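> Going letter by letter, the sequence shown gives residues 0 to 460 in numbering that gives the first Met the number 0. Positions of the beta carbon are idealized from the N, C-alpha and C atoms, including for glycine. The model shown is predicted, which means the values in this text are computed figures rather than measured ones.
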Amino acid sequence: MGRRIFRHHSCLFLFSCLCFAAVSRCATEPYFDAPLNTTPVRAPQVGSSSQAPSAESNKSEQATTEEYTLSHDRYEKAVAYSRAGYTLYFVSYGLSGIVLLLILRLGVAAKFRDIAENLSDKRWMQAFVFIPLLFATIDLFNFPLRAYWHALSRHYEQSIQGWGSWLWDWAKGELLGAAFAIVIVLILFAVMRRSPRRWWLYFWFPAVLILLGVIVLTPLVIDPLFNKFEPLNKEHPELVASIEKLSTRAGVPISPDRMFLMAASRKTNAINAYVTGLGASKRVVIWDTTLKNTTNDEALFIVGHELGHYVLGHVGRGFLMGAVGLFLALYLLFRGLHWVLDRWAKDWKIYGQEDWACVAVLLLLLQVLLFFSSPVINAVSRMEEHAADVYGLEVIHGQVPNSEKVAAHAFQVLGELDLADPNPPAFITFWLYSHPPLAERLVFAHSYDPWAKGESPKYVK
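(1) List, from N- to C-terminal side, the alpha helix (DSSP H) runs of 4 residues or more that fit wholly inside the region 57 to 143.
(2) Measure the C-alpha to C-alpha separation of ASP168 and LEU392 and round it to an integer number of angstroms.
(3) Where does LEU413 land, buried or exposed, given buried means 16+ other C-beta within 10 angstroms?
(4) Taking the alpha-carbon positions, what's the ALA249 to ALA240 distance?
(5) For the region 202 to 211 and the region 222 to 241, state whether three or more C-beta atom pairs, one from each stretch, are separated by less than 8 Å.
(6) Which residue comes first and which comes last in the alpha helix (DSSP H) that contains LEU431?
(7) Just to confirm before moving on: does the CB-CB distance between ASP296 and ILE395 stay below 9 Å?
(8) Would TRP355 and ARG112 qualify as a contact pair, given that the criterion is a beta-carbon distance under 9 Å?
(9) Looking at C-alpha atoms only, which residue of VAL302, HIS71, GLY324 is the closest neighbour of TRP199?
(10) Look up PHE228 in the DSSP assignment and say whether it is helix, strand or coil.
(11) Where GLY84 and HIS337 are concerned, what is the direct C-alpha to C-alpha distance, given to the nearest angstrom?
(12) What is the C-beta distance between LEU364 and LEU332, in whole angstroms, given that I count them as a contact (C-beta under 8 Å)?
(13) Could you tell me the alpha carbon to alpha carbon distance between ALA272 and VAL251, rounded to whole angstroms?
(14) Where does LEU260 sit, in a helix, a strand or coil, going by DSSP?
(15) Expressed to the nearest angstrom, what Euclidean distance is found between the alpha-carbon atoms of ARG475 and GLN366?
(16) According to DSSP, simplified to helix, strand and coil, what is ARG196?
(17) Could you tell me the boundaries of the beta strand (DSSP E) in which TYR273 lies?
(18) I need the straight-line Cα distance from GLU116 to ASN226, nearest angstrom please.
(19) So who's on the other strand from ILE285, going by DSSP bridges?
(20) Tell me, which residues are paired with HIS396 by DSSP?
(21) Measuring alpha carbon to alpha carbon, tell me which residue in TYR201, GLN398, LYS291 is nearest SER264.
(22) Determine, using beta-carbon pairs with one atom in the region 399 to 412 and one in the region 70 to 80, whether at least three such pairs fall under 8 Å.
(23) Pull up the distance between the alpha-carbon of ALA262 and that of GLU415, whole angstroms please.
Next comes the structure, spelled out in structure tokens:
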């Protein structure tokens, strides 16, 4: 399960802007990638086992799951782990903002610019010097928090990834981010030079194309760099046949050669499954940890949920909303950049908006924009995730016996294995939750049965 409580705030400002746009949320965000989706649960079962439930117990108790419950020990761990994550989320935003502000006020960004310009008169060469220097400095200050979060995840047995493997993943991410940043900044500054007053508009066009490319290419190019994938049909042909039947019923058929098993157990104890990519890159991905801890029927519900995002138009609508969000973000960055330069350009030794040091200013502005836009983005996401829950329940009805109980038990397994917070504050739910609270999803799944009431299902007729 990808707990995105703690983000990499030192990423390229456009890439962050793409995250702000949330275009890829429906297309690539895993169904169980809901780090903050729980509500108050029933009192912990004192005296129950303190260990995570085994696959056998998970697969034999689904018929009794009516509400989210935790053993006493896992209740305490879930609270501690989640609250630490909330704290790190806000601390990381604050730290990134302070670091960027210091880089500007102390003249570090201007110094990096001078170094780049002294080494070469060519703009593209200057970018190859300035961007790595700036981002390496930011990441140096963010690294302790990232390492601390990984240490916490290991302590609470969410992650089993060794430090060597984790550092290698971090290094690969840094290299990819630096390469991506250089390309985007060069494009941005080229547009700035051609149109100082309309760069935010003209840059929007290539930015949207880049965003679309990221969504399409991520499962083909980026994901394999960090995880191992193999055909799902190799070890689970029965499940492949069921998913193929399910996707055909949903109207978005996915062939067996686009169904993959990800070796997540090398790095995590969390469970996940998702549909990702667009066009030729569209595929179903199921983590091996999911199949170890859930039944095939529960995995089908997870896949059904993800298919719902496609069928209900969340992908296309998300892309359009993201493009609009990116448009607004770039305009606000343009206005904010001039507002900042009018007041502090001299103190920060910045000569104008085409100065390389302005990258740090844009990053600082984006930190503020991303932070305060989070509740809006997450509110939209929660509505779409609920709709996908409904679709998932409806599309597996008739193919999976006791589908409501199967779905409810899938949520129970998620909460127990991923240490979902049993009692998150209302403010945290409002600000951080990208999915509806897990306990609400579980109760809804268990009770959703329009067929028994003689009612028509909402989506799958």
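Quick answer:
(1) 71 to 104, 107 to 118
(2) Position 169 of the sequence shown, counted from the start, is the residue given in the question as residue 168. Position 393 of the sequence shown, counted from the start, is the residue given in the question as residue 392. Cα to Cα, the separation comes out at about 36 Å.
(3) Reading the sequence shown from its first residue, position 414 is the one you call residue 413. LEU413 should be labelled buried.
(4) Sequence index remark: in the sequence shown, residue 249 carries index 250 (1-based). Sequence index remark: in the sequence shown, residue 240 carries index 241 (1-based). One C-alpha to the other measures close to 14 Å.
(5) no
(6) Here residue 431 refers to the residue found at position 432 of the sequence shown. Start and end: 425 to 431.
(7) As a position in the sequence shown, residue 296 is number 297, starting the count at 1. As a position in the sequence shown, residue 395 is number 396, starting the count at 1. Yes, Cβ-Cβ distance for ASP296 and ILE395 is below 9 Å.
(8) For the purposes of this step, residue 355 is taken as the residue at position 356 of the sequence shown. For the purposes of this step, residue 112 is taken as the residue at position 113 of the sequence shown. In contact: TRP355 and ARG112 (Cβ atoms closer than 9 Å).
(9) For the purposes of this step, residue 199 is taken as the residue at position 200 of the sequence shown. Ranking the options by Cα distance to TRP199, first place goes to GLY324.
(10) Working through the sequence shown from its first residue, we reach residue 228 at position 229. It is a strand residue.
(11) Sequence index remark: in the sequence shown, residue 84 carries index 85 (1-based). Sequence index remark: in the sequence shown, residue 337 carries index 338 (1-based). Roughly 35 Å separates the two Cα atoms.
(12) What you label residue 364 is simply residue 365 of the sequence shown in a count that begins at 1. What you label residue 332 is simply residue 333 of the sequence shown in a count that begins at 1. Right, the Cβ-Cβ distance comes to about 6 Å (below 8 Å), so this counts as a contact.
(13) In the sequence shown, residue 272 corresponds to position 273, counting from 1. In the sequence shown, residue 251 corresponds to position 252, counting from 1. Computed Cα separation, rounded: 17 Å.
(14) Start at 1 with the first residue of the sequence shown, and residue 260 comes out as number 261. If DSSP states are grouped into helix, strand and coil, LEU260 belongs with the strands.
(15) The structure shown has nothing for residue 475, since the chain only spans 0 to 460.
(16) Taking the first residue of the sequence shown as 1, we reach residue 196 at position 197. Coil at ARG196, not helix or strand.
(17) Reading the sequence shown from its first residue, position 274 is the one you call residue 273. That run of the beta strand (DSSP E) goes 272 to 275.
(18) Within the sequence shown, residue 116 is the residue found at index 117, counting from 1. Within the sequence shown, residue 226 is the residue found at index 227, counting from 1. Cα-Cα distance, rounded: 39 Å.
(19) If you number the sequence shown from 1, residue 285 lands on position 286. Paired residues: LEU260, ALA272.
(20) The residue labelled residue 396 in the question sits at position 397 within the sequence shown. DSSP, once it has assigned bridges, lists VAL399 as partnering HIS396.
(21) Against the sequence shown, residue 264 aligns to sequence position 265. Of TYR201, GLN398, LYS291, the residue nearest in Cα terms is LYS291.
(22) Counting Cβ pairs under 8 Å, fewer than three are found: no touch.
(23) Here the question's residue 262 lines up with position 263 in the sequence shown. Here the question's residue 415 lines up with position 416 in the sequence shown. Roughly 21 Å separates the two Cα atoms.
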